[in-house]
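Below: one structure, written as structure tokens.
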Amino acid sequence: MITLREKLIGTWEMEDFKIVEGGLLVDPPLGPVETCGGYLIYSADGHMVAFLSQKDIPRFEDNSLDGGTLEERARANQGIITYVGTFDIDEKNSTVTHHVKYASVPNMISRDLLRICVWEGEKLKLDTPPMEFGGQMKSSYILWRRVNSHY
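With UniProt numbering applied, the sequence shown corresponds to residues 1 to 151, in that order.
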């Protein structure tokens, strides 16, 4: 029998992302899934990366890789949520916990983010338990599909 850990290892691309607010499904801060995308990567050695981004972040006017005005850089950062760290699996409860080491959102650093794994065919739906966002309790989910090998 394949373990949850074995099923998770690899690269996943975001297909859907919703916030559950007052029983309603609403788009996340990055906007509707048509305007954002992302990858989730679980490595066999226990590390993970989550990267979500708006698709249409404007380029810096000076066209440099390290430039941009303060306003341009602030606007670019608002369109990205990313974190890296390690992960642990609870096979019995079908959960994965992301242990955040570095993040684009400073308040995520050193936090443990619990995700409930729900399989929809070959797709992976990661549900979050309710947590506080902007003074309100909300939950969310992201639906991921496995990315085929690049090679």
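Each residue gets a CB set at the ideal place from its N, CA and C atoms; glycine is no exception.
Q) If we ignore side chains and look at the alpha-carbon of each, how far apart do residue 148 and residue 11 end up? A) 8 Å
(Q) Below 8 Å on the Cβ atoms is my contact criterion, and I expect residue 100 with residue 89 to pass it. Report the Cβ-Cβ distance as a whole number of Å. (A) Between residue 89 and residue 100 the Cβ distance is about 16 Å, and since that is not below 8 Å, they are no contact.
Q: Consult DSSP for residue 7 and reduce its assignment to one of helix, strand or coil.
A: helix
Q: Please classify residue 74: does DSSP put it in a helix, a strand, or coil?
A: helix
Q: Please determine, among 44, 130, 126, 22, the residue with the shortest C-alpha to C-alpha distance to residue 145.
A: 126
Q. Enumerated in chain order, which unbroken segments of the beta strand (DSSP E) with a length of 3 residues or greater are wholly contained in the stretch 91-122?
A. 95-103, 112-120
Q: Report the residue ranges of all alpha helix (DSSP H) runs contained in full by the stretch 18-94; include only those spanning at least 4 residues, in chain order.
A: 70-78
Q) When burial is assigned at 16 or more other CB atoms within 10 Å of the CB, is residue 67 buried or exposed? A) exposed
Q: Please state if the CB of residue 44 and the CB of residue 98 are separated by a distance shorter than 9 Å.
A: no
Q | Assigned exposure category for residue 38 - 16 Cβ within 10 Å defines buried | A | buried
Q) If you drop the 5 nearest sequence neighbours on each side, which residues of the same chain put their C-beta closer than 6 Å to that of residue 58? A) none
Q: Answer yes or no: do residue 30 and residue 81 have a C-beta to C-beta separation smaller than 9 Å?
A: yes
Q) Got a sec, what are the start and stop residues for the beta strand (DSSP E) residue 141 sits in? A) 136-146
**Q.** Integer-rounded CB distance, given that residue 117 should sit under 8 Å from residue 140
**A.** Not quite, the Cβ-Cβ distance comes to about 14 Å (not below 8 Å), so this is no contact.
Q | Distance, residue 137 Cα to residue 70 Cα | A | 32 Å
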